[in-house]
Amino acid sequence: MLTDTQKIKLIKAGICAPSADNSQPWLYGWEGNDVLLLFLDESLSGEATDSTFVLSDLAVGAVIESIVLEAMTIGYHGEVELFPNGDGKPFDIAQIKFSQSNSGNDSELSLANCIPARCTDRRFPFTGVVDDRMLSDIQDVVNDSEHGLIGFNQNQDILNIIPTIAKAEQVRFESQQLHQEIFKTVVFNREHSPTGMNLNVLGIKWFETLGFKLLSAWPVMQVLNALGASKQIANKSVVLPIKQSPALLLLTTSAQSRKSIVNSGRQMQRVWLKCTEMGLSVQIYAAPGVLSLIKPNVGKNQLETLSAVESDLNNLTASLAKGRGLLFFRIGFIAGAIEKTGRRAQSSFEK
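Under full-length UniProt numbering, the residue at position 111 of the sequence shown is numbered 111, and the numbers go up by one with no gaps.
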């Protein structure tokens, strides 16, 4: 039987998990002492680009994996059942039953130990060498049959992929809906914030602050887009960082059901934790896979761009792995500490 202290330890591990724009869209409740229930927070999920819950399901998948790994460190096994109440309860994501077990091996425990340190690093350049052996070690942590992980560490291969990611990033600033969704989560100061992302987290320099704030107004963004602003943003956030990184990873999935996407979130977290264990910095690029999957309510030109992105992804994965590309990871080495996103108080996650 889990003690109150052990329960808190598990929930804190879940709170450390990543979510799109640091939205933290989940809640929890305990059923007795050994059954944890996880839910989507209805006030923080299901809108705009999350209308099919892809982003929220990825986030809760990462929460599940963190909790299951953390349970191993205290001698428990977590048996996960997804959508235990069926399709009629779309916000009831998972039930985790805990039982005492010595099944945790050293590799899994090592991943668990990296949960607090895992973070997004938007700095560049990333340096060092990520060789084939390192890529293989990262690929080995994927433990779901529906998922695969492709590694790219050859310069020309990486250069060939960059336009696909950049096109999807441009769409985020060319659609009013997506643009407003981005800036809704920005905290326009440099103070620690329990939700969203402040300017330090986003890597916005002091001299860029005013210009970045101006971009948050859609009429301004429209005018600047006519002058090529969205392309310049993609160049700064995608082209330059990836060109100056030694490797890319691509997580693939062969299914797109909600259960499969939750499991994608679990695999995302495992890959991220392995990179953290190896001392690698990580930045995720979700736009190509996620936007081309959900087909958001954007303009005709943007939909055509997303169709081209989807075609690029299909061509990329056709001969390398089953399924479609879902998440890119930019990885490499960089010295120094960075500011991490904040988290809400544990009590705010209680259902």
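Backbone N, C-alpha and C fix where the C-beta goes; we use that ideal spot for every residue, glycine too.
Identity of the residues DSSP links to residue i by a beta bridge
i: M197; result: V186
i: I284; result: F329
i: W26; result: L40
i: R266; result: Answer is none; R266 lacks a bridge partner.
i: T253; result: H147 and R324
i: A247; result: I331
i: V80; result: I96
i: E31; result: V35
i: E70; result: DSSP output for E70 lists no bridge partner at all.
i: S350; result: In the sequence on display, residue 350 carries Glu and not Ser. Answer is Y28, bridged to E350.
Own chain residues within Cβ distance below 6 Å of residue i, not counting five before or after
i: S23; result: L44
i: W272; result: R118 and V282
i: A168; result: A287, P288, L291 and V309
i: I96; result: L36, G78 and V80
i: T252; result: G148, T317, A321, G323 and G325
i: T276; result: C114, A117 and R118
i: D21; result: T185
i: S216; result: F183
i: I242; result: I162 and R330
i: I233; result: F173
Close-in-space but distant-in-sequence residues of the same chain around residue i (CB under 7 Å, 5 per side omitted)
i: P194; result: G342, R343 and R344
i: K9; result: E70 and I74
i: F333; result: F126, T127, G128, G279, L280 and S281
i: F152; result: I158, I161, A247 and L248
i: R182; result: The amino acid at residue 182 is misidentified as Arg; the sequence shows Ile. If we look at I182 and ignore the five residues flanking it on each side, its Cβ neighbours are R172.
i: Q302; result: V171, E174 and S175
i: N297; result: Q177
i: E108; result: L69 and M72
i: D92; result: F39, F83, P84 and N85
i: A112; result: L69, E70, M72 and T73
i: M134; result: M278
Inter-residue Cα distance where the pair is residue i and residue j
i: W26; j: S103; result: 28 Å
i: N189; j: R123; result: 19 Å
i: P288; j: S175; result: 15 Å
i: I67; j: Q346; result: 14 Å
i: S136; j: T3; result: 38 Å
i: G228; j: K351; result: 45 Å
i: K295; j: S319; result: 25 Å
i: F329; j: Y285; result: 6 Å
i: Q222; j: T49; result: 20 Å
i: D87; j: R258; result: 10 Å
i: P219; j: G299; result: 16 Å
i: N200; j: T209; result: 10 Å
i: S110; j: L40; result: 28 Å
i: K274; j: A335; result: 18 Å
i: I83; j: N263; result: The identity of residue 83 in the sequence shown is Phe, whereas the question assumes Ile. Rounded to the nearest angstrom, the two C-alpha atoms are 12 Å apart.
i: G196; j: S307; result: 29 Å
i: T5; j: Y76; result: 14 Å
i: A226; j: L38; result: 45 Å
i: S260; j: I138; result: 20 Å
i: V239; j: F349; result: 37 Å
i: N85; j: N155; result: 47 Å
i: D312; j: Q180; result: 27 Å
i: T305; j: I338; result: 34 Å
i: T164; j: L58; result: 21 Å
i: I150; j: P18; result: 21 Å
i: H192; j: K340; result: 9 Å
i: S254; j: E146; result: 5 Å
i: K205; j: L327; result: 27 Å
i: L214; j: L224; result: 10 Å
i: E65; j: N198; result: 26 Å
i: T120; j: S56; result: 18 Å
8 Å Cβ shell around residue i - same chain, five flanking residues per side excluded
i: N235; result: A166
i: P116; result: C16
i: D131; result: N153
i: G203; result: R122 and R123
i: S245; result: F124, P125, F126, I158, R330, I331 and G332
For residue j and residue i, believed in contact at Cβ under 8 Å, the rounded distance
i: S14; j: V63; result: Contrary to the premise, residue 14 reads as Gly rather than Ser in this sequence. Yes, they are in contact, since the Cβ atoms of G14 and V63 sit about 4 Å apart, within 8 Å.
i: K12; j: W30; result: Rounded, the Cβ-Cβ distance is 14 Å, inconsistent with contact.
i: G46; j: G265; result: Actually they do not touch by this definition, with Cβ atoms about 16 Å apart.
i: M72; j: N33; result: About 18 Å separates the two Cβ atoms, so there is no contact after all.
i: V141; j: R270; result: 5 Å
Would you list, in sequence order, the uninterrupted alpha helix (DSSP H) runs of no fewer than 4 residues that lie entirely inside the stretch 91–174?
106–113, 132–139 and 155–174
Length-filtered (3 minimum) beta strand (DSSP E) runs lying within the stretch 295–319:
none
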